[in-house]
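Below is one structure, written out as structure tokens; the observations come after it.
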Amino acid sequence: MLNNRYELLQPLGQGGMAKVYLAKDRFLGRRVAVKILHPSLSDDHRFLARFRREAEAAAALNHPHIVSVYDVGNDGNLHYIVMEYVEGLNLKELIVQNGALSPRRAVDIAWQVANALQYAHEHGLVHRDIKPHNIIVAPSGIVKVTDFGIAKVTTEATLTEETVTLGTAQYLSPEQAQNGPVTPRTDIYQLGVVLYEAVTGFVPFPGENPIAVALAHVKEEPVRPTLLHTDVSQDLENIILKAMAKNPKDRFASAEEMAQALQRWESRSLPTSTGYDISTNRGISSIRDSKSYSSTAKVSGSSGCITKLVGIITIGVILSAIPIAVLLYNSNDRASQTPAIEEKPIVVTATPTSNGSSQNTTLRSANR
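Just so we're on the same page, the working numbering is the position in the sequence shown counted from 1, plus 4.
What follows is the structure in structure tokens.
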């Protein structure tokens, strides 16, 4: 029991930063998700102060596709944040269980995420960690993005001298990999990666070595989605690759612009006799005034399987191309509302070292 109010019912997931529990709010009689920070963070007063400020900023967001933040506080040495509990699976779990989604369903999910991002960006928040693990799909088809604000406080290397997770290398933007400025277009790149994976069943830059994967985001072009799945059209591929442009200036100017492109694609993908429109079908008058809806789209399996070979990249080559360093790290810094899917977190650094890498390798901030 936290503060004689939140009764912890069962664990939902855990990571290096926190554990998440299903709980009952005894004051309001509703189920909530409670994220409790790891006790090791309770002594970092700068982290806790920033965590509280960002949680309060996230609590100001009120959008049907964003997991709501209800409360933030502490009970003695236990610091926690209380969020809306959403039943369902995260998008990563859906892809793992079913393979590639149908393009229409994947676009439907991406449209809802873009809607949430536009709203958050207009309110001054950049997520920084958009990935399938942070996208919850309810049985009704409604999509909720989680960890707004929380992602920011756990990804800013200026917060603390300790290692700060930027998310998994597989969804890292080129500018994050190079310790560059993070903007709303960073979220757009990551959403492009998510959509790529949703329609193909594969991440664009697979690999077990996070350094090599981060370098690929900076230097390599992904295999075209149309070559990986026959259901992906050229128009949809163009949207994905535009979102994933290496240079932020070449991406969609805003999440709203990407959402509009997705809407046009979905409208063209249906027979004209249906009179279907992505917004009117959902009861949405505009991207800034969205309402909840139910989706009846079905998941389709992947039509095939490919393996992309990743060559051996020497540390010298990597360090000459991207300013990052490696350090063994033994825990995932993520705890979502659904059971954890294994991921490999990495952190941007400013000074390279010559340490080796492993599956659990992360990149450490060098200003220690």
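All residues carry an ideal CB built from backbone N, CA and C; glycine is no exception.
The structure displayed is predicted, hence computed values, not measured ones.
Asked: Grouping DSSP H, G and I as helix and E and B as strand, with all else coil, what is Y175?; Found: helix
Asked: Using a Cβ-Cβ cut-off of 6 Å (strictly less than) and excluding sequence neighbours within five positions of L176, which residues of its own chain qualify?; Found: A218, H221
Asked: Rounded to whole angstroms, what's the CA-CA distance from L93 to N251? Just pull it up for me.; Found: 32 Å
Asked: When we look at the beta-carbon of A104 and count the other beta-carbons within 10 Å, is it buried (16 or more) or exposed?; Found: buried
Asked: Among N183, L16, M262, E270, which one has its Cα closest to the Cα of A118?; Found: M262
Asked: With DSSP as the reference, label P15 as helix, strand or coil.; Found: strand
Asked: On the DSSP letters alone, give me the boundaries of the beta strand (DSSP E) that N78 sits inside.; Found: 73-79
Asked: Closer than 8 Å by C-beta to L266: which residues in its own chain qualify, once you throw out the five before and the five after it? Chain order, please.; Found: V111, A114, W115, A118, I243, I282
Asked: Decide yes or no for the touch test of the stretch 78-93 against the stretch 29-41: beta carbon pairs closer than 8 Å, at least 3 of them.; Found: yes
Asked: Are there 16 or more other CB atoms within 10 angstroms of the CB of R34, so buried, or fewer, so exposed?; Found: exposed
Asked: Is the CB-CB distance between Q182 and V207 below 8 Å?; Found: no
Asked: Could you say if the stretch 13-22 and the stretch 61-69 meet the contact criterion of at least three C-beta pairs nearer than 8 Å?; Found: no
Asked: Note down the Cα distance separating L129 from H67, rounded to an integer number of angstroms.; Found: 13 Å
Asked: Only counting the same chain, and skipping five residues up and downstream in sequence, which positions put a Cβ closer than 6 Å to that of E88?; Found: V71, S72
Asked: Within the same chain, show all residues whose beta-carbon is closer than 6 Å to that of V76, passing over the 5 residues directly before and after it, in chain order.; Found: R56, A59, I85
Asked: Taking only the alpha-carbon atoms, compute the straight-line gap between D48 and R54 and give it to the nearest angstrom.; Found: 10 Å
Asked: Within 10 angstroms of its Cβ, does A257 collect 16 or more other Cβ (buried), or is it exposed?; Found: exposed
Asked: Once DSSP output is grouped into helix, strand and coil, what is the label at N7?; Found: coil
Asked: Taking all protein chains shown into account, do 16 or more other C-beta atoms lie within 10 angstroms of the C-beta of T150, making it buried, or fewer, making it exposed?; Found: buried
Asked: Starting from A37, trace the beta strand (DSSP E) both ways and give me its first and last residue.; Found: 34-41
Asked: Mind checking which residues open and close the alpha helix (DSSP H) that includes D191?; Found: 188-204
Asked: Could you check what DSSP says for V86 in three-state terms: helix, strand or coil?; Found: strand
Asked: Name the DSSP bridge partner or partners of I139?; Found: V149
Asked: Looking at C-alpha atoms only, which residue of R268, E260, V197 is the closest neighbour of D239?; Found: R268
Asked: Would you check if the distance between the CB atom of I192 and the CB atom of P136 is smaller than 8 Å?; Found: no
Asked: Helix, strand or coil for N94, going by three-state DSSP, please let me know.; Found: strand
Asked: Is it buried or exposed for G80, if we count other Cβ within 10 angstroms and need 16 for buried?; Found: exposed
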